[in-house]
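Chains as they are written, first to last, in my numbering: chain A, 1 to 284; chain B, 285 to 568; chain C, 569 to 852; chain D, 853 to 1136.
For every residue, glycine included, the Cβ atom is placed at its ideal position computed from N, Cα and C.
Heads up, the thing below is written out as structure tokens.
Now the structure itself:
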């Protein structure tokens, strides 16, 4: 992504049938746009789900997101498709929740500050007060939440999150979000799991990996759903290890994997490249 | 690629301008086809070269390659584009040239025999007579060429190659092809270089890598042009090494890298995924 | 490993205490040997298991394995250690069991024939008669076993295996070995599991990986024990995949991972680099 | 490395001959120490250079670095070896020189602050004044140097560097150090080169990589010597790229490679695992 992106992105998703690519690209052409990137995917014939991402430039004096939406909604109705349109100029608002481990937080702050992420950070929530000065030194609001039992505070967070964020990132957040939170928030939440799912669900995956004597460790960024560590996987990073690695060095190597997997997932997500598809994802 | 592929593939290449994707996909739709895979790429605006690969299924009772060509040639003329159309049922004829090292030859024979390659092998040429029984045990013609100085024999090879092959693979072929051969053959030739180009051109790259003390080695599959080891790169494979690796273990590791890089390049090439673009390649 | 290795290898394993390295290296020196490679590992202090691999050259006119054993057994007794000594000239006899998939079998045959493996192949057993001509073309004995229910034949295999092999490799062997076989054979058995353990135990791991929507797949070479796919892991190989990969391409990529993981495990094992340590391995 | 390391490390380097391992390990044992890690390497017989790293614990009430040095110096004399001994409690003082790109600086600051690096940071020198507030927020001295032509300032830096640092890291430092600086400083300097050496020496390696159409990019951490980008390589990191990557995304990916290669090199160096050997390195 260049920092000065001017394009629009359309995500189109429906039952597969002939003519969809033609329909979308013909419409872009008729409106005067020029397609700069296009990708599509059809799941296996038995399911036949069709996904398409089309990125195009168009005269902004004549067109904006709302006017484009009206045009594409008509086409979508024809194919009984779900169609979403995004303006690359609109940065997604990414709320961050984080516990004490700071490596993923720092990675996100760095990517945001250096302009590599198509996102803003409206707030950082943590149950570790020690992050306050760092976060505030970036000029960002910081909220302290004592515990997940602190339901009144969770409600406060929820109110802010619903209002101020387009999606949430759990950047190593150890508190469990209540089912009510998930239901009420009702937007995407991305979690970084410090293990190679589906292998090591639950707590202390590096200890589990050490005890199993694996020769490769991994980290997994995935959407949160009601299942613990069970939502659709967005990205995974892996690294070889040996018998010399103890839980301490596994943890050190794991931190790098977590940063990379989460950065990749968030980067793709904020460029509208990630589409859920049942319990899986399509990442264009 | 599933072994029972029935699709047609169009490669389209021209100066970028609005309407190309729409034009191609609309034509596929009008002919009654269904796009199953589509990818495109535009080089940076200063150059503005546009490349597209579209794969589609269509009623074979009504359409074959020739009839489709006529339709798409009209469209191509409109965009001043170069358009090539391929039938996935037509396997490419891959002539193999190989010297004594046999690991790349065996990999290609294996992929061919197990049906993983969209290609046939019309012949194997070698300056090592020892490969004859192996090659003939696969039921394939084997030609022995004593040396590159053996111009009359090179002419024989050339005649066979021109007539019986769609492209050539130098699967660790140590003899230098004469400029006349390259000019007269005039089809694609893929070479596997046992080094991480552009680092270690020329002879004995593992020795060069050892002497430089690098911590990563690689192998490169590339198109052959008039420059020694200088043609467009198709695929590269790399692996970490340490001070413990001597030229012997570097060579062993390198053999695996060579097999993997060449297999990937040939696999992509025979599925019509590789397009030359100046001194580079687009690999869809 | 160079093909002309002349060294001896000592594997030493005991409770950690000061003086072991000194004891072994001093003895090698006193006997007139020169250490060419040495590695050691101590598990975490709570367990304190010590492992050492020492490779040395020594005058073969004065020393052979038996004479060296006598010297080192005395030292081992002093440290209450388990000590094993190997002559690099003695190739290990590797019996192969294989079902229909042939990629791992071919890899082992290739490595053996090209002299890259410190092993001989006394026999190949398969429940797929189609491998006979290939195996016999290498001049190796081939035994056909119809099914795992064929107990009398399993007994025949067992008798041959016990007598003619130092270890067995299950190079994609789909029949389950009976508990009696495991007990009676009583030597090491290495299996290649076509999945990234401990994630996808059991049948059709690539289908499991596809259904889970993972972004990385793997293969695992491990020792066989009484647990299905549960023995100590020796080596693992991994590769990134995307939503475009269907079970067919996952299988193709997986075959390469299996070959590489198994080749690495067997190569290390036959150079006496692999030591079991509870449910894990130390790989020097 | 655990943060609470208490061990001593000996680096021993000489012409290969029998008895060295025995000599060192026997001495450690006699002094009452317990070897916790040992590694050795001999270059090929024609050169016969021997390197050994031995890490051991010993009663600190009886032994310190000076007393141990006296004991090992006697042994070293016997083998005409170069022997260096290090106390893991003594953190190396790492001076940092950095230009405007901040990713490597941030990585080093993070590793230092989280206690993952066996080093202190006595100062940061930069020709970019904008780093001052960041560096000083960590409580570290910051020196601004306008340009490499600013010889008087270079002399000031040199004076500080000689006095306050054990080694220097060029964490993306674009100014060229004068030959006088290198000569006068006379300690190790580690540079991160943003390219896969020896391929892309000199300026703008990502542009070079883009123009060559490579399918893999890399970054290289190496010792600085009088040759531009020509010193012994310590570590390299690589990543696959495609035709879709433009110089902007190559740069983004490259930044991650640089961070990882430099962090690995500095981490190994400060644990006394890196030994120069002519134009190469041994990394234990």
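* How about residue 129(A): is its C-beta nearer than 9 Å to some C-beta of chain D? -> no
* Run the CB neighbour count on residue 300(B), radius 10 Å, all protein chains shown included, and call it buried at 16 or more, exposed below. => buried
* What number of angstroms, rounded off, separates the C-alpha of residue 57(A) from the C-alpha of residue 312(B)? -> 24 Å
* Interface flag, residue 1038(D) vs chain B, CB-CB below 9 Å -> no
* Asked: Going along the chain, which residues of its own chain have a beta-carbon closer than 7 Å to the beta-carbon of residue 853(D), five neighbours each way excluded?
  -> At residue 853(D), the pLDDT of 40 sits below 50, so the modelled position is not reliable; the number obtained from the coordinates is stated separately. If we look at residue 853(D) and ignore the five residues flanking it on each side, its Cβ neighbours are 970, 1123.
* What distance in whole Å lies between the Cβ atoms of residue 818(C) and residue 843(C), which are believed to be in contact at a cut-off of 8 Å? -> Contact flag wrong, Cβ pair sits at about 33 Å.
* Expressed to the nearest angstrom, what Euclidean distance is found between the alpha-carbon atoms of residue 688(C) and residue 801(C)? -> 23 Å
* **Beta-carbon proximity list for residue 1047(D), same chain, < 6 Å, skipping 5 on both sides** => 1057
* **Best match in 202(A), 243(A), 207(A) for proximity to residue 229(A) [C-alpha to C-alpha]** => 202(A)
* **Rounded C-alpha distance that separates residue 876(D) from residue 928(D)** => 9 Å
* To do: Using a Cβ cut-off of 8 Å, pull out every chain B residue sitting near residue 892(D), in sequence order please.
  => Ordered by position in chain B, no residue passes the 8 Å Cβ test against residue 892(D), which lies about 10 Å from the chain.
* Hey, out of 530(B), 540(B), 461(B), whose CA is closest to residue 1137(D)'s CA? -> Examination of residue 1137(D) is not possible in this model, given that chain D is present from 853 through 1136 alone.
* Asked: Using a beta-carbon distance cut-off of less than 9 Å, what residues from the region 956-979 of chain D approach chain G?
  -> In the structure shown, chain G does not exist; the protein chains are A, B, C and D.
* Asked: At what residues does the beta strand (DSSP E) containing residue 523(B) begin and finish?
  -> 517-524
* Quick one: Cα of residue 886(D) to Cα of residue 1022(D), how far? -> 37 Å
* With 9 Å as the threshold, decide whether the Cβ of residue 285(B) is near any Cβ in chain C. => The predicted model places residue 285(B) with a pLDDT of 40, which falls under 50 and marks its position as unreliable, so this point remains unresolved.
* Could you work out which residues of chain C lie near residue 232(A), taking near to mean beta carbons separated by less than 9 Å? => 781
* Under 9 Å between the Cβ atoms of residue 72(A) and residue 19(A)? -> no
* Asked: Thinking C-beta only, is residue 706(C) closer than 9 Å to residue 677(C)?
  -> yes
* To do: Answer with yes or no whether the minimum CB distance from residue 731(C) to chain B is below 9 Å.
  => no
* beta strand (DSSP E) segment containing residue 865(D), residue limits -> 860-867
* **C-alpha distance - residue 1135(D) paired with residue 527(B), whole-angstrom precision** => 7 Å
* To do: Identify every residue that forms a DSSP beta bridge with residue 155(A).
  => Paired residues: none, contrary to the question.
* Asked: Which whole-angstrom value is the C-beta distance of residue 306(B) and residue 26(A), which I expect to be below 8 Å?
  -> 4 Å
* To do: Indicate whether residue 93(A) and residue 165(A) have their beta-carbon atoms separated by less than 9 Å.
  => yes
* To do: Go ahead and label residue 993(D) buried or exposed: buried means 16 or more other beta carbons lie within 10 angstroms of its beta carbon, across all protein chains shown.
  => exposed
* In terms of residues, what are the limits of the beta strand (DSSP E) holding residue 1127(D)? -> 1126-1129
* To do: Please confirm whether residue 321(B) and residue 40(A) have their CB atoms less than 9 Å apart.
  => yes
* As assigned by DSSP and simplified to three states, the class of residue 327(B) -> coil
* When DSSP builds the beta bridges, which residues end up paired with residue 500(B)? -> 524(B)
* **Counterpart residues of residue 850(C) in DSSP-defined beta bridges** => 843(C)
* **Start and end residues, alpha helix (DSSP H) containing residue 969(D)** => Element bounds for residue 969(D): n/a, residue is neither H nor E.
* To do: Check whether the Cβ of residue 502(B) lies closer than 9 Å to any Cβ atom in chain A.
  => no
* Answer with buried or exposed for residue 1065(D), where buried requires no fewer than 16 other C-beta atoms within 10 angstroms of its C-beta. => buried
* Asked: For the candidate residues 1019(D), 1052(D), 1028(D), whose alpha-carbon lies nearest to that of residue 1038(D)?
  -> 1019(D)
* Assigned secondary structure, residue 455(B) (DSSP; H/G/I helix, E/B strand, else coil) -> coil
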